[in-house]
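One structure is given here, and the rest of the page talks about it.
Protein chains: 2
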Amino acid sequence: MGKVYTGASTSIDGYVSGPDFSGFDRLFRWYESGDVAFTVPTGAMTVHLTPASAAYFGGLIQATGALVVGRKLYDYTNAWGGQHPMGVHTVVLTHRPLEDNEHFTFCSDGIEKAIEIAQSHAGDKGVGLNSGEVARQAIDAGLVDEIFLDLVPVLLGGGTPFFAPGKGYQLEGPLSVIEGSEVTHLRYKVRYGDAAEAE
Amino acid sequence: MGKVYTGASTSIDGYVSGPDFSGFDRLFRWYESGDVAFTVPTGAMTVHLTPASAAYFGGLIQATGALVVGRKLYDYTNAWGGQHPMGVHTVVLTHRPLEDNEHFTFCSDGIEKAIEIAQSHAGDKGVGLNSGEVARQAIDAGLVDEIFLDLVPVLLGGGTPFFAPGKGYQLEGPLSVIEGSEVTHLRYKVRYGDAAEAE
Numbered sequence: 112m113g114k115v116y117t118g119a120s121t122s123i124d125g126y127v128s129g130p131d132f133s134g135f136d137r138l139f140r141w142y143e144s145g146d147v148a149f150t151v152p153t154g155a156m157t158v159h160l161t162p163a164s165a166a167y168f169g170g171l172i173q174a175t176g177a178l179v180v181g182r183k184l185y186d187y188t189n190a191w192g193g194q195h196p197m198g199v200h201t202v203v204l205t206h207r208p209l210e211d212n213e214h215f216t217f218c219s220d221g222i223e224k225a226i227e228i229a230q231s232h233a234g235d236k237g238v239g240l241n242s243g244e245v246a247r248q249a250i251d252a253g254l255v256d257e258i259f260l261d262l263v264p265v266l267l268g269g270g271t272p273f274f275a276p277g278k279g280y281q282l283e284g285p286l287s288v289i290e291g292s293e294v295t296h297l298r299y300k301v302r303y304g305d306a307a308e309a310e
Numbered sequence: 112m113g114k115v116y117t118g119a120s121t122s123i124d125g126y127v128s129g130p131d132f133s134g135f136d137r138l139f140r141w142y143e144s145g146d147v148a149f150t151v152p153t154g155a156m157t158v159h160l161t162p163a164s165a166a167y168f169g170g171l172i173q174a175t176g177a178l179v180v181g182r183k184l185y186d187y188t189n190a191w192g193g194q195h196p197m198g199v200h201t202v203v204l205t206h207r208p209l210e211d212n213e214h215f216t217f218c219s220d221g222i223e224k225a226i227e228i229a230q231s232h233a234g235d236k237g238v239g240l241n242s243g244e245v246a247r248q249a250i251d252a253g254l255v256d257e258i259f260l261d262l263v264p265v266l267l268g269g270g271t272p273f274f275a276p277g278k279g280y281q282l283e284g285p286l287s288v289i290e291g292s293e294v295t296h297l298r299y300k301v302r303y304g305d306a307a308e309a310e
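Next comes the structure, spelled out in structure tokens:
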């Protein structure tokens with residue numbers, strides 16, 4: 112079974128969106144900061160990355176077999192127009208489930224169940240968790256293997272933090288540091304178990 | 112005149128101290144994660160760093176001619192036992208000034224004045240700003256050239272953020288990325304002026 116990871120484009124002050132859902136132009140500037148045209152699996156969009164970011168992003172997409180996302184993100188993106196751009200099955204964790212379809216499963220039975228469903232779609236590949244709320248629940252349930260931080264050179268000054276306040280955890284790493292343009296890709300491992308939690 | 116910079120050991124979730132002033136053992140683990148014995152200018156403490164972190168830390172100390180700190184930090188450290196370990200003159204920004212002495216000046220006339228006093232002590236060297244509150248005031252006053260982020264692989268889950276909520280700013284960089292052990296040293300430039308503020 113593949114890894115469970117969460118990742119996000121995050122400002123220096125820790126936000127994945129600015130006040131009132133602003134700041135996305137800043138957080139995703141690295142999507143248009145290079146010469147390598149990179150089309151997502153569904154063909155829904157083409158971004159232009161540095162060679163380093165393209166290799167990182169391509170590797171991440173290849174390693175991802177399914178996703179778990181929050182309902183807020185699903186609604187905000189209008190279901191990504193019908194399918195997530197990564198082209199993989201997407202489980203939406205929600206208290207207000209809609210009808211399942213080819214690309215989406217709605218789960219209201221908690222994060223463990225949502226990840227289990229995603230894994231059944233992912234095969235040998237990993238499961239990606241999108242949105243801070245989903246990530247926090249999964250971390251607290253002991254289910255996150257790795258954290259991918261796409262650290263973006265901006266202070267947003269407020270908004271939605273990647274990691275909502277809660278329990279602390281020791282991480283290991285960075286396992287890798289990849290320098291893009293307008294972004295630094297950092298990968299960490301979550302350490303659970305003995306003395307794993309920050310005091 | 113040297114640069115004005117602020118820097119801090121910061122958790123992945125953006126905190127410079129955990130809940131109730133906890134977490135320092137985690138945030139400063141990199142002070143004891145290598146084989147290079149490094150004694151601070153005053154001789155007050157010796158840490159053990161990787162070669163990369165030692166070069167970084169030594170360079171930072173050499174480039175720093177004076178400091179501006181918040182009163183909370185001054186009180187919390189008990190005036191660092193009489194002198195800041197960096198061995199440079201330290202301006203304490205406070206509404207409750209104490210009597211100035213050889214190593215400390217107390218300033219209640221705002222951040223601009225505090226930095227001006229520090230610069231008069233720094234000569235050609237730079238001025239470092241310690242504590243998020245001081246950094247936020249200085250950034251908002253347009254006075255910070257660079258941000259040094261010592262990014263530490265831990266989630267603290269709460270506490271004091273490096274950057275208190277407020278206005279947003281576009282940064283440039285990282286100008287440098289140095290991989291230590293238990294820390295990644297990142298340096299950014301603050302971009303002021305036209306279109307500099309995050310929308």
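Taken in sequence, the protein lines are chains C and H.
Numbered continuously in our numbering, the first sequence closes out at residue 310.
Numbered continuously in our numbering, the second sequence closes out at residue 310.
Ideal Cβ placement from N, Cα and C applies to all residues, glycine included.
query: 7 Å Cβ cutoff, residue 253 of chain C in contact with chain H; result: no
query: Backbone CA spacing between residue 222 of chain H and residue 182 of chain H [nearest angstrom]; result: 12 Å
query: Short CB-CB distance (under 7 Å) between residue 288 of chain C and chain H; result: yes
query: Closer than 7 Å at the beta carbon, the chain H residues around residue 278 of chain C; result: 268
query: Neighbour flag for residue 284 of chain C against chain H, beta carbons, 7 Å; result: yes
query: Residue range of the beta strand (DSSP E) that includes residue 289 of chain H; result: 280–290
query: Where residue 265 of chain C meets chain H, residues with beta-carbon distance less than 9 Å; result: 279, 280, 281, 282 and 309
query: Closer than 8 Å at the beta carbon, the chain H residues around residue 260 of chain C; result: 123
query: Same chain, Cβ closer than 7 Å to residue 271 of chain H, neighbours up to 5 away in sequence not counted; result: 126, 127, 128 and 243
query: Neighbourhood of residue 219 of chain C by C-beta, 8 Å cutoff - its chain only, sequence neighbours within 5 removed; result: 204, 205, 206, 207 and 208
query: Any chain H beta carbon closer than 7 Å to residue 161 of chain C; result: no
query: Beta-carbon proximity check, residue 115 of chain H vs residue 202 of chain H, cutoff 7 Å; result: no
query: Euclidean distance between Cα positions of residue 261 of chain H and residue 230 of chain H; result: 24 Å
query: CA nearest to the CA of residue 304 of chain C, picked from C/248, C/252 and C/228; result: C/252
query: The beta strand (DSSP E) enclosing residue 257 of chain H, as first and last residue numbers; result: 257–263
query: Of the residues C/169, C/301, C/162 and C/196, the one placed nearest residue 156 of chain C, counting alpha carbons only; result: C/196
query: Terminal residues of the beta strand (DSSP E) in which residue 200 of chain C lies; result: 200–204
query: Below-7 Å beta-carbon distance, residue 295 of chain C vs any chain H residue; result: yes
query: Whole-angstrom distance between residue 279 of chain H and residue 307 of chain H, CA atom to CA atom; result: For residue 307 of chain H, the predicted model reports a pLDDT of 48, less than 50, meaning its position is unreliable and no value from the coordinates is stated.
query: Between the CA atoms of residue 139 of chain C and residue 168 of chain C - distance to the nearest angstrom; result: 13 Å
query: C-alpha distance - residue 193 of chain H paired with residue 200 of chain H, whole-angstrom precision; result: 11 Å
query: Residue 303 of chain C - DSSP class collapsed to helix/strand/coil; result: coil
query: is_contact[residue 120 of chain H, chain C] using C-beta, thresh 7 Å; result: no
query: Interface flag, residue 139 of chain C vs chain H, CB-CB below 7 Å; result: no
query: Neighbourhood of residue 269 of chain H by C-beta, 6 Å cutoff - its chain only, sequence neighbours within 5 removed; result: 130
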